[in-house]
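Visitor: Quick one: the structure is below, questions incoming.
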Amino acid sequence: AAPQPRLPGGVSGAHTLQRMIGCDLLGDGSIRGYRQIAYDGSDFIAFDIDTMTFTAADAAAQITKRNWEADETFAEHVKHYLENACPEWLRKYLIYGQAILERKELPTVRVSKKETHGILTLYCRAY
């Protein structure tokens, strides 16, 4: 199992951890992978696939960076996922959704409004 980010000591209450992992299949056939983590809406740590290093956004993230870099196989595992498994899954899902992704019909759009206490709220839904 991959090492998990550590939260700063003494942290309590509700907090948000966001993880963005993905890959882009570029027009020239190359792949761009990314792995970034944010904590409470702020950047925490990111992986640089070219240098195989982690960039810590603050002192608290340095703890996670040191732990991940101490595991000599972790960066290699992340790179392998971003360059191999991720594009493989993306290609599969593109095939699964090809008919929908390439459809030519226009979406159906519905616009409505609601006024409450003198505040007008507009809604737009596309199907």
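For what it's worth, the numbering used here labels the leading residue of the sequence shown as 101, then goes sequentially.
Even for Gly, the Cβ is constructed at its ideal location relative to N, Cα and C.
Quick caveat, the model's predicted, so the values are computed rather than measured.
For residue 188, name the three-state secondary structure that DSSP assigns.
Guide: It is helical.
Visitor: Give the DSSP-derived three-state secondary structure of residue 215 in the structure shown.
Guide: It is a strand residue.
Visitor: Per the DSSP calculation, residue 143 is bridged to which residue(s)?
Guide: 138, per the DSSP bridge assignment.
Visitor: Rounded to a whole number of angstroms, what is the C-alpha to C-alpha distance between residue 183 and residue 208?
Guide: C-alpha separation (whole angstroms): 37 Å.
Visitor: Looking only at C-alpha atoms, which of 129, 152 and 126 sits nearest to residue 175?
Guide: For the residues 129, 152 and 126, the minimum Cα distance to residue 175 belongs to 152.
Visitor: What does the Cβ neighbour count give for residue 133, buried or exposed, with the cut at 16 atoms within 10 Å?
Guide: By the neighbour-count rule (16 or more Cβ atoms within 10 Å), residue 133 is buried.
Visitor: Quick one: residues in its chain with C-beta nearer than 6 Å to the C-beta of residue 146, no 5 flanking neighbours on either side, listed in chain order?
Guide: Here the set comprises 136 and 155.
Visitor: Using only the alpha-carbon positions, how far apart do residue 191 and residue 114 sit?
Guide: One C-alpha to the other measures close to 37 Å.
Visitor: So, helix, strand or coil for residue 209, using DSSP?
Guide: DSSP places residue 209 in strand when its eight states are reduced to three.
Visitor: Would you list the residues sitting across from residue 203 in a DSSP beta bridge?
Guide: Answer by DSSP bridge pairing: none, since residue 203 is not bridged.
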